[in-house]
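Just so you know, the numbering used here puts 150 at position 150 of the sequence shown, and the rest follows in order with no gaps.
Note that beta-carbon positions come from the ideal geometry of N, C-alpha and C, so glycine has one too.
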Amino acid sequence: MNTDRNDAPAVSNFIRNIIDEDNRNGKWSQRVETRFPPEPNGYLHIGHAKSICVNFGIARDYGGVCHLRFDDTNPEKESVEYVESIIDAVKWLGYDWNKNGEEHLYFASDYYDKLYDFAETLIQRGQAYVDSQSAEEIRANRGSATEAGTNSPFRDRSPEENLDLFRRMKAGEFQEGEHVLRAKIDMASPNFNMRDPVIYRIRFAHHYRTGDTWCIYPMYDYTHCVSDALENITHSLCTLEFEDHRPLYDWFLAQLADDGVFTRPLPQQIEFSRLNLTYAITSKRKLLQLVQENHVDGWDDPRMPTIVGVRRRGFTPESIRLMADRIGVTKVDSWIDMSVLEGSLRDDLDAKAPRAIAVLDPLKLIIDNYPEGTSENCSAPVHPHHPERGTRTFPFSRELWIEREDFQETPPKGYFRLFPGNKVRLKYGFVVECTGADKDENGNVTAVHCNYFPDSKSGTEGANGYKVKGTIHWVSAEHAYAAEVRLYDRLFKEPQPGAGGAEFLDALNPDSKRIVNAFLEPSARDAAAEDRFQFERHGYFVADRLDSQPGKPVFNRIVSLRDSWGKPA
Ligand code: ATP
Ligand code: MG
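Here is the structure:
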């Protein structure tokens, strides 16, 4: 597996070099206008997040603007729900499309009239024709990698005849598939995209914005470059799979510029590599399948690599932008390790997140020599490296919750936590010595007993007199806040689900979600939705944005403290 760099933010890249050069020679008079052009046919994923960061990030750095344009020319698959979710996702990532008070939010469907007029222009110039071959014939006549395609018998229709047919296509006089409009380029081109590509097809479909106004719809390659030119885009950044489409992009714009529709310079398409993230899926179709077949609990399931999913999981917009900076922009497709995203989250939250104590797998610890019915306060820093953020206090009492794994009746070698006869420090509290444990009839440990040393309290002078090898965390049983905590693991067991033609669903991890009833430090009860914490020893957690109630948060684990991706599941 090839993983990309994981170092400081990229200062420059080949796209910025092109823009710098354009600025030096005045090509665009220092103007930088990019666009992010999603099709509203699904929820955006982490791959789109990279494209958003590249497009909006570059526009921002150069004092330009990035347009948000909905590329909505496939009526069957698109909807307002998707439009709204995409708008939310881009905003959440921290970007907007406003420049000097002007909103640069566009819909390709708003250009249908212009696209139609320009198609007539191409027909009149003899550069487009109505083809009446069937879809199968068109496919069969495209040729192969080694053979040129065959010209359509309809290729030499006169502009008058083409115009008449095209207008009648628009008027709804024909059935779907009866005719298409094609660009007249070169059936022998080594580039398939140049072998007379289809520009318009007949579809009697309802469009979520234009309703039933149209029964012919423009194809992506034609719509895209024309939309860029209409919006005065300077640099049209897209992923590498469009490299072969660039000659067509340039061809359409050149014809229309020759006709005076557009002025030069024309927008420049520049391709960069897609983001592929290990243990994640970045295909809208497969994500839809996960949702529709109930492998996950919806688009915003915290295990989903959708933007709504990673948000709900607890990732911050900063961490996603940081990841995008770290992986940079290259021309080489590669797989980015999930640890790059998680490392960015840790680096973002380490400095920000307040600390708290949570016991996720609780076991009772009874301090037999601590007086019953009393308690006292212990204190800990809100953040160990930021004393100015103050301290938090929480009670210590006779019965505590500790992690089940912090007691072993017969300890393995090198185990320094609780076992009969051993002393440990209860972090921010006292040193205790384990005296034994209670068990049920099946031999399961139900409570651990110990005695404490009253002069060993952390922060007091006596504390220094005790040297112990183990420190464990705890919460007072009477004062703890009982909360649902959702522990998420990787959604897939394989780093590249579905690689080599395998069924990606076979790689699903059956244990990717575990819900535990945990006990938390009382202060965690005040968490508002989307408040993030570092639960000491356990990792970073967020109060679920949907299921948390005021005063009753539910927590999701975002990531553990250390990278565990390298280890087998
Ligand atoms: P579709 O198959 O529906 O076209 P798509 O993932 O290409 O899916 P679009 O809505 O067309 O979705 O994508 C919008 C933009 O996001 C495009 O410019 C595309 O290049 C970019 N993009 C999509 N996937 C990735 C990815 N994995 N990494 C980087 N950019 C991506
Ligand atoms: Mg696409």
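Using DSSP's beta-bridge definition, name the partner residues of residue i.
i, result
"E102", "K99"
"K439", "V445"
"W251", "DSSP lists no partner for W251."
"D131", "V180"
"T393", "S379"
"W214", "Answer is none; W214 lacks a bridge partner."
"W401", "K364 and V475"
"V542", "R532 and N556"
"R355", "Q534"
"I202", "I216"
Less than 7 Å separating the Cβ of residue i from some heavy atom of the ligand ATP?
i, result
"T330", "no"
"S51", "yes"
"H48", "yes"
"C238", "yes"
"T73", "no"
"P37", "yes"
"N422", "no"
"K284", "yes"
"N41", "yes"
"R321", "no"
"R274", "yes"
Do you know whose CA, among the options, lies nearest residue i's CA?
i, options, result
"Y43", "R35, T223, Q289 and H449", "Q289"
"D361", "I18, N509 and D406", "D406"
"D300", "N294, E293, R311 and R24", "R311"
"H179", "A188, R155 and R195", "R155"
"P454", "Q30, V432 and Y220", "V432"
"G443", "T460, Q408 and S458", "Q408"
"S12", "A324, L230 and V80", "A324"
"L68", "P371, I86, L115 and S397", "I86"
"V542", "F315, G149 and T393", "F315"
"Y452", "Y415, R398 and K413", "R398"
"K469", "D438, N422 and D440", "N422"
"F36", "I19, I138 and Y95", "Y95"
"H449", "Y370, F396 and I58", "Y370"
"Y222", "E536, Y200 and P553", "Y200"
"P317", "R31, D61 and K91", "K91"
"M304", "A437, Y481 and K284", "K284"
"D572", "F535, R16 and S512", "Past the edges of the chain, shown from 1 to 569, lies residue 572, and the structure says nothing about it."
"I19", "G64, A49, D526 and G500", "G64"
"N556", "P550, H538 and R562", "H538"
"P384", "L365, C225, K352 and F394", "K352"
"S334", "L363, L163 and L240", "L240"
"I357", "E536, I138 and D228", "E536"
"F118", "G149, E39, R195 and S227", "S227"
"D506", "Y279, S236, L181 and V80", "Y279"
"F125", "N509, K184, D113 and S134", "For the sequence presented, residue 125 should be read as Arg rather than Phe. For the residues N509, K184, D113 and S134, the minimum Cα distance to R125 belongs to K184."
"T374", "V332, K439, D350 and E478", "E478"
"P354", "E231, S132, K99 and A380", "A380"
"Y129", "N151, E147 and N141", "N151"
"H473", "L400, E243, I320 and V516", "L400"
"F45", "N294, R392 and L287", "According to the sequence as given, residue 45 is His; it is not Phe. The residue with the shortest Cα to Cα distance from H45 is L287."
With 16 as the cutoff for other CB atoms within 10 Å, does residue i come out buried or exposed?
i, result
"L546", "exposed"
"S75", "Here residue 75 is Pro; the residue named in the question, Ser, does not match the sequence. That one is buried."
"F204", "exposed"
"E521", "buried"
"I558", "buried"
"D348", "buried"
"T34", "buried"
"N55", "buried"
"A171", "exposed"
"N191", "exposed"
"P153", "exposed"
"E388", "exposed"
"G57", "buried"
"V424", "buried"
"P497", "buried"
"I202", "buried"
"I216", "buried"
"V80", "exposed"
Hey, does residue i have any beta-carbon neighbour from chain C nearer than 8 Å?
i, result
"E137", "Protein chains in the displayed structure number just one, and chain C is not present."
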